[in-house]
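> Submitted below is the structure of interest, expressed as structure tokens.
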Amino acid sequence: MMNTKSKLSLCIVAALSLPTFHASAETSEDGIKVGGAVRVNYAYRDYDEKSKDKGGDFNFDMAAIKFDGKMGDWGLAAEYRFTSSTDYIKYGYGYYQANDDWQLQFGVNKVPFGNREFISNSWWFGLPYYLGFEDNHDIGIKAVYEKNGWHTDIAFYKNPEYAAGENKRYAADLYTGTINGTEYHNEETNQINLRQTYTLEHEGGQTTFGGSVEVGQIYNSSTGNNGDRYAAALHLDSSYKGWNLQLQAMQYEYDAADAIDPNKIGISVVSWQYEIASKGQVYNLNLAKTFPTSFGSVKCYNDFGVMTPDVDDDSYDNSYQNVTGCAIAAGATYTMVDFVMGKNMTFSTLNNDHVGLPEIGDDWDKRVNINFGYYF
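Encoded structure:
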């Protein structure tokens, strides 16, 4: 089990999307721009004896190819990724720029929920990512409005980018299959998202605050019945003279029809599947400071997240994740050096491959990760 998880931990690194190097679909001139990235990764797991004996592992992370461009009012944006074990689409959509204020996106586009960019600074993402609520991309249509500091996203998604029985995907979605002996038949469908934010400019920076709502159905492919799901969040992203503060509080619930155990549900991401508490709250507190340098910049940060399960089974425990690190931007390269601590948390602990379920043991597990990327 642990050998498999160790390999899969590298896959989660390959899922990373760095906002610093995320190209916009809107370019000033007509035409298509082709770009991409190549990344390698070093990982040292303090809770893995093999990793400790070898002094860590150095591996190929991923390669990506990106297309961005427009022709008149029409444009496209797409990214496809290749890892050592699989390949998958991150996003791929067309858009229509109706006017200066409105844009329509159709295809595999980013689900508007939570903080506008990320609720994390590190390569490991924030805790909401592992529940399906950070940097997720599904198939649907999204309307984006932006004017005078106001930003509105209204979206409808028919389903995720891959079928529910497929665990090859960039971000977390409900899974159809067997996990730890429990058989799941859940499929996400008919999802509506609404997010409203306002950005206030002030001396030394800006502050964006807002709220998000997500509602949808859960189709049981075995019984043909529909359950439902929802999530709501309040979020803030504030910068001041190189400092950045991110805060987010969210509530979610997956109420699957005909569930064998209504307290938990199955999730899949980057060629793996695990279980999470079907209902809970998530709180994030991230603090970062960016230092300009002669070669680019260095951003140091601490990302903290906690998930509190809110189910009928009192044995379910909180999950925690804390990442302390620095990101170094130099020319076309971006390097992230991180110290990760996890407790009762999938991918970052020895025995607890889940989020919010009963904890095995009572330890904080630790790991060091260094990810180097070249972007073109």
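Positions -25 to -1, 1 to 351 (mature numbering (1 follows the signal peptide of the UniProt record, and there is no 0)) are the ones given, in order, by the sequence shown.
From the three backbone atoms N, C-alpha and C, an ideal C-beta is built for every residue, glycine too.
How many Å lie between residue 367 and F270 at the Cα?
Any answer about residue 367 is impossible in this case: the structure gives the chain only from -25 up to 351.
> What is the DSSP secondary structure of S272, reduced to helix, strand or coil?
strand
> Grouping DSSP H, G and I as helix and E and B as strand, with all else coil, what is K27?
helix
> On a CA-only basis, which of D340, Y132, K254 and R56 is nearest P87? Give me that one, please.
Y132
> Is the CB-CB distance between Q72 and D43 below 7 Å?
no
> Once the 5 residues before and after T198 are set aside, which same chain residues still bring their CB inside 6 Å of it?
For T198, where only same-chain residues beyond five positions count, the Cβ hits under 6 Å are D233.
> Within a Cβ cutoff of 8 Å, which residues of the same chain sit near G336, ignoring the five residues on either side of it in sequence?
L325, N326 and N327
> CA-CA distance, L(-10) and H177?
Confidence at L(-10) is low in this model, with a pLDDT of 45, below 50, so the placement of that residue should be treated as unreliable; the coordinate-derived value is given next. Roughly 31 Å between the two C-alpha positions.
> Measure from the alpha carbon of I242 to the alpha carbon of each residue in Q171, L260, Y350 and F108, then state which is nearest.
F108
> Tell me whether L106 sits in a helix, a strand or coil according to DSSP, three-state version.
helix
> Considering only C-alpha positions, which residue in the set A39, D75 and G67 is nearest to T58?
A39
> Going by other Cβ atoms of all chains shown within 10 Å of its Cβ, with 16 needed for buried, is T(-22) buried or exposed?
Legend: pLDDT at T(-22) = 45, less than 50; position of this residue unreliable, no value from coordinates given.
> If we count the other Cβ atoms within 10 Å of its Cβ and call it buried at 16 or more, is W125 buried or exposed?
It is exposed - the Cβ of W125 has fewer than 16 other Cβ atoms within 10 Å.
> Output the residue ranges of the beta strand (DSSP E) runs that lie fully inside the region 27 to 76 and measure 3 residues or longer, sorted by chain position.
Taken in chain order, the whole beta strand (DSSP E) runs of length 3 or more contained in the region 27 to 76 are 32 to 46, 49 to 57 and 62 to 72.
> According to the neighbour-count rule (16 or more other Cβ atoms, all chains shown, within 10 Å of its Cβ), is I193 buried or exposed?
Buried: at least 16 other Cβ atoms inside 10 Å.
> Please give me, in chain order, every unbroken run of the alpha helix (DSSP H) with length at least 4 that falls completely inside the region 107 to 178.
none
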